[in-house]
Each structure stands twice: as structure tokens, then as C-alpha cells.
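Novice:
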Amino acid sequence: MPLSGPYADEGADQLRAYELVVEHLNGQGDGGMIGTFSSKTLDGTGILGKKVAFVSGDTQTKADAARATAKSMIEKDGAIMITGGSSSSEAVAVQGLCQEAGIIFMAGLTHANDTTGKDRKANGFRHFFNCYMSAAALAPVLEKQYGKERRAYHLTADYNWGWSQQLAISQATEAMGWATVENVLTPLASTDFSAYIAPVLNSGADVLFLNHYGGNMVNSLTAAVQFGLRDKQVNGKQMEIVVPLYSELMAQGAGENIRGILGSSNWSWQLQDAGTQAFVKSFGTKYGFPPSQAAHTCYAQALLYADAANRAGTFNPCAIVEALEGYAFDGLGNGPTVYRADDHQCFKDVLVMRGKEAPANKFDVLELVEVTPVAQVTYAPDHPQFAGGELGTCNPGA
Amino acid sequence: MDALLLQVLNGLDKGSAYALIALGLTLIFGTLGVVNFAHGALFMIGAFCAVILNGLFRMGFETLDPTVLDFLGNPTKVTTTYIETWFGPELGAALIDWTVPLSLLLTVPVMVLIGYVMERGLIKHFYKRPHADQILVTFGLAIVLQEVIKAFFGANPIPTPAPEAFQGSFDFGVWLGFEVNAIIYPWWRMVYFVFSLIIIGAVFAFLQFTTFGMVVRAGMADRETVGLLGINIDRRFTLMFGLAAAVAGVAGAMYGPINSPNYHMGMDFLVLSFVVVVVGGMGSLPGAVLAGFLLGIVESFASLNEVKSIMPGIDQIIIYLIAIGILLTRPRGLMGRRGVMEE
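Those sequence lines, one after another, are chains A and B.
Here the numbering used here is used: the first residue of the first sequence is 11, the next is one more, and so on.
Here the numbering used here is used: the first residue of the second sequence is 25, the next is one more, and so on.
Next comes the structure, spelled out in C-alpha cells:
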């Protein structure tokens with residue numbers, strides 16, 4: 011996970027989750043979501059009776075560093091499963107490596123469609139949601155909140171994830187009758203977005219999509235609010251801003267600017283199901299603050315791998331692939347979930363969130379607007395946004 | 025027309041930051057002959073002075089509020105700040121609200137001290153070394169400084185809002201006779217632009233109208249001769265390093281409301297600021313300021329959709345294209361001294 015670079019805070023939270031899940035797998039602590047997980051193969055005695063140990067490395071939020079770190083773990087530390095990462099470029103790079111090496115890869119924070127689309131691999135699995143799912147969950151809420159006739163302007167981070175997110179959102183909103191006025195690509199290294207925000211004011215658009223993540227999102231949103239976009243009336247309608255992918259850690263950085271802004275999330279510590287409650291209690295007691303969705307997806311991925319190995323009765327990667335493909339489970343905080351065999355993507359409910367108007371504390375930045383049912387975010391494995399990839403065959407390794 | 029004017033304004037506030045950083049870089053290069061790659065880190069540390077002051081203002085004692093529960097169902101901890109207790113709720117809240125401007129009082133001495141320590145403790149050992157050595161050591165120092173900040177404050181941006189009186193935007197277009205809502209401009213960006221002009225003016229006045237400044241300018245022109253006159257030019261140059269650090273620091277402290285401070289913000293500005301220095305002319309203070317504003321405006325115009333539709337990606341490379349053009353046709357930059365970078 012990235013312990014340096016722009017996503018280092020996400021990486022630190024992921025590391026906390028891995029430390030916690032290893033404790034739970036080895037029978038320490040309160041067991042967290044092991045107690046709520048629908049599968050009952052995990053009993054605190056490790057995996058297949060073996061105590062779980064792990065090594066961690068800094069991926070620096072860079073694909074090449076992530077690949078080098080994972081390679082070192084496989085070759086020097088003898089890792090039999092790799093998990094983590096905080097960006098899609100890292101995920102795609104490490105997933106490719108794990109496929110070549112015959113190691114299972116349980117992806118961490120990766121949202122681009124390509125991870126389980128054109129770059130999908132038989133040895134790789136993604137629990138986190140993707141750009142298509144964000145768009146499918148958000149579009150009906152946007153229609154309900156802002157109406158059918160809207161003109162959208164996109165500011166899009168100029169790299170794989172940004173293009174993927176913009177395409178998904180524009181297709182979903184155009185399908186419900188919105189027009190896309192403009193899509194402007196912004197350099198990933200941009201820090202001041204004022205020059206990109208100014209043209210929005212005179213474009214005739216009444217909704218601005220910020221297809222940005224991390225520091226880009228914080229800075230572009232801050233500039234948009236500073237330039238009075240949220241107070242502006244266009245076409246007789248209130249101008250609105252939407253951030254398709256939320257990160258609660260980043261939302262804290264945007265401060266008051268995030269208030270009232272809609273976006274999507276994979277999971278939230280505010281959910282009331284038993285799995286979430288158990289995880290939040292466990293994590294919050296140990297670390298003193300609620301877990302992020304990055305921590306949640308990593309914790310869930312580690313449990314799913316452990317359970318799959320137990321059910322398969324072996325650490326053979328191909329047996330674990332078989333155990334995970336098509337596997338339906340519950341109790342891990344997202345409701346009933348399925349690991350689809352066709353692309354190794356988890357299908358589960360998606361959350362639509364909004365920046366909270368009156369936060370009670372610094373963690374209380376987002377509020378739940380809607381839990382979008384899984385059926386609404388499910389797509390065919392050969393959907394055009396995911397085309398061009400093949401899982402191939404599982405590599406059992408040495 | 026209104027869109028173009030808005031881009032000019034955007035360019036000016038971006039250019040303000042470039043100009044202030046480039047001004048400090050030029051001061052250091054002009055006096056000490058050092059290429060200081062840690063200058064962006066000084067801008068970042070300045071921004072974190074505002075963050076630190078905000079943290080200090082928000083320090084207080086905690087009481088439990090049983091009526092509000094935290095995420096684990098325990099009574100919430102409510103913090104009452106010391107300054108609200110000492111100065112009353114109204115003055116205490118006002119101090120917190122005005123953290124960013126007030127942080128200048130902290131930033132200036134802290135940055136002068138950091139600059140002094142940096143120069144005496146590290147940089148002075150590299151005066152007679154090649155520029156490549158200076159770049160390596162100052163770049164390394166920049167990385168160390170940003171990692172230290174990250175260790176204490178994390179990697180994510182930290183919101184540092186402007187005082188409430190300067191939040192939001194105003195209708196600049198109406199002042200110029202345009203229709204309502206044609207040119208909306210944020211208050212704080214205007215404040216930043218005016219602030220940068222004041223700082224730039226103050227630095228020039230200091231160098232132009234004080235004896236100290238006169239000696240420094242003489243030292244920049246001919247260090248050896250000034251030394252032969254019995255003037256301790258090294259001590260003055262050390263203080264200029266502190267001044268340059270303070271200029272970068274106050275530029276960073278006031279920049280927080282425009283972009284929330286993060287540990288990496290210095291690096292984001294560093295390369296562009298060096299390009300500004302090269303375009304303006306190595307060692308030329310007016311050149312650094314002029315190039316800062318010019319390149320800020322050019323960058324803004326290159327971000328216009330109309331321009332990008334003709335030349336996609338031009339916004340990412342325009343500044344570097346200009347730098348290449350300048351280096352090929354006028355290596356001493358817009359206002360550089362004849363002979364500098366031309367031998």
C-alpha cells in the first residue's frame with residue numbers, strides 16, 4: 011500500500027486494516043467481521059491451521075514501485091497472496107505480475123473499469139466497486155434531485171481512471187436525457203483549477219462533474235466553490251456540483267466545500283448492518299477513529315482469501331480461484347455480495363453519499379443518501395465499458 | 025471579452041505565487057549564487073505555519089457531552105478552546121477565523137530562522153561547489169522537509185479557510201461595466217494578488233532605499249570589491265537568505281485558502297518557479313516578477329477550451345515551450361544581465 015505519495019493516508023488506513031484482520035485471523039482481538047461473516051470456516055486458528063504472517067511495502071502510489079514491491083515480496087519473502095494498492099494503475103500492474111507469478115491478487119482501492127475489464131486476470135479479484143457502478147448508482151439520484159433536463163460539464167483527470175469515470179457518468183446521464191456540454195481534460199499534476207473553472211461559468215452548463223480523486227478533487231472543488239458556482243443560477247436552475255467518487259479521507263480535506271455535494275462510495279462506517287458495526291467497533295477501539303472505505307475493502311479482501319483457502323482446503327491458487335468464483339456471501343458490511351466468475355468483480359449494493367451540512371465532528375463529513383441495490387449496478391460481463399479483456403486461465407505458480 | 029478578462033485575473037493570482045517564489049529564488053541565486061531546490065519546501069512550510077497556528081488556536085480542554093454520542097456510542101468529547109476561555113467567545117472565535125492573516129506574525133520569524141539555519145548549517149558548505157551539487161543537496165533537503173511535514177500532518181490536504189469576511193466571491197465585472205455575473209472572482213484570490221504586490225513592492229523598496237539593500241545590491245554586482253571595502257557581505261547575504269525564506273513562507277501561508285496545504289505543495293510549484301526564474305533572467309528580480317505574472321496569464325489562457333481544442337494538451341506544456349524558446353533565442357532571459365547564461 012502507498013505509505014508515501016499523495017494517497018499515503020489511504021495506505022496507512024489500509025495497513026491498519028491488514029494488521030487488524032491478521033490479529034483476528036490468528037484469534038486475537040474481538041474477531042471483528044469474522045463473527046458476522048456468512049461463511050463459518052474462520053475460527054481464529056489462522057488459515058488451514060497455519061498462523062497468518064504478513065509483510066508490507068510502500069508502493070509510493072506508483073505502478074512501477076508497486077510492481078517492484080510485490081515482486082520482492084513474492085521472490086524474497088515467499089508471499090502466497092498479494093493484496094492492497096490505492097490506485098488502479100498500481101492494481102493493474104500488480105495484478106499482471108501476480109498472474110505471471112501464479113499468486114493470488116486481492117485488489118485494494120481500485121475504481122477504474124479496466125481492473126476487471128480489459129486488464130482482468132484469472133488470478134486477480136476486486137471487492138471494491140468501479141466507475142460503471144458509481145455512475146449507475148448516481149444517475150437515478152441525480153435525476154430525482156436535479157430533474158431530467160440538465161446540461162453537464164465535465165472536468166476530468168487526464169489519465170485512465172478519469173477517462174473511465176467520465177465515460178461512465180456521461181453515458182448514464184445522457185441515457186436519462188441530460189446533455190453533455192463539454193469534457194475538459196485536466197493534467198493530473200494540476201493544483202490550481204481556477205483556469206478550468208472559469209469557462210464553466212459561461213458554458214451554459216448547470217451541472218459540473220468533477221471526475222477527480224484525491225488532492226485533485228479537493229483543489230478543483232475548492233476552486234469551483236470559490237468562484238461561486240454553487241450560488242449561480244443557470245438556465246433558470248441552481249448550478250450543482252457532483253463528485254462521482256468520494257473518499258471520506260479526502261472529503262475531510264475539502265472542509266466546508268463538500269457540503270451538499272453528491273457522490274458515491276463503496277462502503278461507509280455509518281451503515282447499521284451487523285458486519286459494519288462489528289468492524290467499526292473493532293477498528294475504532296484499536297485506533298480511535300472510524301475506518302475508511304479503503305480500510306474496509308482491504309479487511310474484507312483478506313477475510314475472503316482466508317475463507318476461500320479454508321473452503322478449498324489448500325493454498326493452491328487455482329483452487330482458491332475456484333472457491334472465489336461465483337461465491338455468494340454476506341455479513342461483510344455490503345449486504346449480500348457475489349464474486350462474479352466472469353470477471354472477478356464483486357457485485358453488491360452501492361452507496362450514494364452527500365457532504366454533510368452540519369458535521370458533528372471531523373469524521374462526520376458524509377451522509378448516506380441512498381443504498382443503491384445491486385441489481386441496479388449490475389452489467390453484462392461483455393459490456394462495452396469493460397470490453398477487450400479476458401481472464402485467461404489460472405496460473406497455479408511454482 | 026469577459027471570459028478573457030477572467031482568465032487574465034486567474035493568471036494574475038497564479039502568477040502572484042510564481043512571482044513570490046521566483047523572487048526568493050532569484051534573491052538567493054543573485055546573492056549567494058546558489059540554486060536552491062528547497063525553496064518550494066519553504067513555501068510549503070509557510071503554509072503549514074498557518075495550519076500550526078490554527079491548531080494552536082484550537083487547543084483546549086475536553087469535556088464529555090453525554091447527549092451526543094460518538095461513532096462507538098460513547099459520549100462525545102467537546103473541546104473548549106483556551107483562547108475562547110481567556111479572551112471570551114467572540115474574540116476567541118474571531119482569532120480562529122483570522123488565523124491565516126494572523127499566521128504571518130508567526131511565519132516571518134519562523135521562516136527567517138529556518139532560512140538562517142539552512143544557510144549557516146548546510147548551504148554555505150556548497151558555495152564553491154558546482155551547481156549540480158547544490159541542486160542535489162537542496163533537492164534532498166526539500167524531500168526531507170516534506171517528509172517531516174507528512175510525518176506530523178499526514179498526506180491529505182488540510183483545510184485552511186480564509187476569514188469569513190473574505191470567503192465567497194464578488195462581481196468584478198459590474199465594476200468594469202459588464203453585465204451582472206459576467207466576471208465572478210473570489211475575494212481571497214484578489215486579496216492574495218494585492219498581498220503579493222505589497223510584498224514585492226516591500227522587497228524592492230528594501231533593496232532600493234535602505235543602506236543594507238544598497239550594500240546587498242553592490243554585493244550582487246561585485247561581491248569581491250564590496251568585501252575588499254571591509255564590509256561583511258557574507259553576513260548580509262545570510263540575512264538575505266532568511267528574507268528570501270520569509271517571502272516564500274508568507275506566500276505559502278496566504279495561499280492556504282486557495283489550495284488546502286499538503287506536504288507536496290512546494291514541489292508542485294518548484295519546477296514552474298525555476299522556469300519563471302529562467303524566463304525572467306537568472307539573477308534579475310524584476311525579471312522574476314514579470315515572468316511570474318506573464319507565465320501565470322499564459323498558462324491560464326492555454327487552459328481555455330478554445331485553445332485546447334486547437335492544440336490538445338497545450339496547457340500542460342506551454343510554459344516549458346516558452347522556456348525552450350527563451351533559452352534558444354535569449355539565454356539570459358527577459359531581463360537578465362548580458363553575459364549571464366550566455367557564455
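Glycine residues also receive a C-beta, built at the ideal position from the N, C-alpha and C atoms.
It should be emphasised that the depicted structure is a prediction, and the values quoted were computed from it without experimental measurement.
Using C-beta distances below 7 Å, list every residue in its chain close to A:L378, excluding the 5 sequence neighbours before and after it, in chain order.
Specialist: S278, Q280, L361 and M363
Novice: For B:V204, count neighbouring Cβ atoms within 10 angstroms of its own Cβ and tell me buried if that reaches 16, exposed if not.
Specialist: exposed
Novice: Any Cβ of chain B within less than 9 Å of the Cβ of A:M260?
Specialist: yes
Novice: Taking buried to mean at least 16 other C-beta atoms within 10 Å of its own C-beta, is A:K61 buried or exposed?
Specialist: exposed
Novice: Exposed or buried, A:T183, counting other C-beta atoms within 10 Å across all chains shown (16 or more means buried)?
Specialist: buried
Novice: Using beta carbons (cut-off 9 Å, strictly below), is A:L218 in contact with chain B?
Specialist: No - not a single Cβ of chain B is within 9 Å of the one on A:L218.
Novice: By DSSP's criteria, B:F194 is part of a beta bridge. Which residues make up the other side?
Specialist: B:Y209
Novice: Please classify B:G311: is it buried, with 16 or more other beta-carbons within 10 angstroms of its beta-carbon, or exposed?
Specialist: buried
Novice: In three-state terms, what does DSSP make of B:R361?
Specialist: Shown here, B:R361 sits in coil according to DSSP, grouped into three states, outside any helix or strand.
Novice: Report all residues from its chain with a CB closer than 6 Å to the CB of B:G35; omit the five preceding and five following residues, and keep chain order.
Specialist: G320, I321 and S324
Novice: Would you report the Cα separation of A:E110 and A:T55, rounded to the nearest angstrom?
Specialist: 31 Å
Novice: Determine the extent of the beta strand (DSSP E) in which A:A189 is found, giving its start and end residues.
Specialist: A189 to T196
Novice: With distances taken Cα to Cα, identify the nearest neighbour of A:A167 among A:A185, A:G187 and A:L198.
Specialist: A:L198
Novice: If we require 4 or more residues per run, which alpha helix (DSSP H) segments fall completely within the segment 115 to 161 of chain B?
Specialist: 123 to 145
Novice: To the nearest angstrom, how far is it from the Cα of B:E188 to the Cα of A:G187?
Specialist: 39 Å
Novice: By how many angstroms is the C-alpha of A:T71 removed from the C-alpha of B:V274?
Specialist: 30 Å
Novice: Please work out which residues of its chain come closer than 8 Å, Cβ to Cβ, to B:P125, disregarding the five sequence neighbours upstream and downstream, and give them in chain order.
Specialist: P187 and M278
Novice: With H, G and I counted as helix, E and B as strand and the rest as coil, what does DSSP make of A:T120?
Specialist: coil
Novice: For A:A76, which residues in the same chain have their Cβ closer than 7 Å to its Cβ, ignoring the five residues on either side in sequence?
Specialist: Answer for A:A76: T69, G95, E100, A103 and V104, listed in chain order.
Novice: Rounded to the nearest angstrom, how far is the Cβ of B:G48 from that of B:A269, given a contact under 8 Å?
Specialist: 7 Å
Novice: Closest to B:L328 by C-alpha separation, out of A:A122, A:L195, A:E250 and A:D40, would be which residue?
Specialist: A:L195
Novice: Could you give the C-beta distance for A:D19 and B:A179, rounded to a whole number, given that I count them as a contact under 8 Å?
Specialist: 5 Å
Novice: Determine, using beta carbons only, whether A:T295 comes closer than 9 Å to chain B.
Specialist: yes
Novice: How is B:E86 classed by DSSP in three states: helix, strand or coil?
Specialist: B:E86 falls in the strand class under three-state DSSP.
Novice: Where do the ends of the beta strand (DSSP E) carrying A:M363 lie?
Specialist: Run containing A:M363: V360 to G365, per the beta strand (DSSP E) assignment.
Novice: Here's the rule I'm using: 16 or more other beta-carbon atoms within 10 Å means buried, otherwise exposed. How should A:W173 be labelled?
Specialist: buried
Novice: For B:V218, count the other beta carbons within 10 Å of its own beta carbon; 16 or more makes it buried, fewer makes it exposed. Which is it?
Specialist: exposed
Novice: So if DSSP puts A:Y163 in a beta bridge, which residue, or which two residues, is it bridged to?
Specialist: DSSP, once it has assigned bridges, lists A:E192 and A:L218 as partnering A:Y163.
Novice: If you draw a straight line from the C-alpha of A:V414 to the C-alpha of A:M249, how long is it?
Specialist: Summary: the structure shown does not reach residue 414 of chain A, with chain A confined to residues 11 through 408, and so no result is reported for it.
Novice: Would the segment 129 to 136 of chain A and the segment 345 to 357 of chain A be scored as touching if the rule is three or more Cβ pairs under 8 Å?
Specialist: Between the segment 129 to 136 of chain A and the segment 345 to 357 of chain A there are three or more C-beta pairs closer than 8 Å, enough to call the two in contact.
Novice: Thinking C-alpha only, which one of A:Q175, A:C141, A:R130 and A:S274 is nearest A:L107?
Specialist: A:R130
Novice: Shorter than 9 Å from the beta carbon of A:P369 to some beta carbon of chain B?
Specialist: no
Novice: Does the pairing of the segment 208 to 218 of chain B with the segment 228 to 247 of chain B give three or more beta-carbon distances under 8 Å?
Specialist: no
Novice: Could you spell out where the alpha helix (DSSP H) holding A:G263 opens and where it closes?
Specialist: Counting along the chain, the alpha helix (DSSP H) containing A:G263 begins and ends at E258 to A264.
Novice: From this set, A:G112, A:P369 and A:S97, which residue's C-alpha is nearest A:G88's C-alpha?
Specialist: The shortest C-alpha separation from A:G88 is found at A:G112.
Novice: Going by beta carbon distance, what residues of the same chain come within less than 6 Å of B:G290, once the five residues before and after it are set aside?
Specialist: Cβ neighbours of B:G290 within its own chain (closer than 6 Å, five residues either side excluded): G64, A65, F67 and M68.
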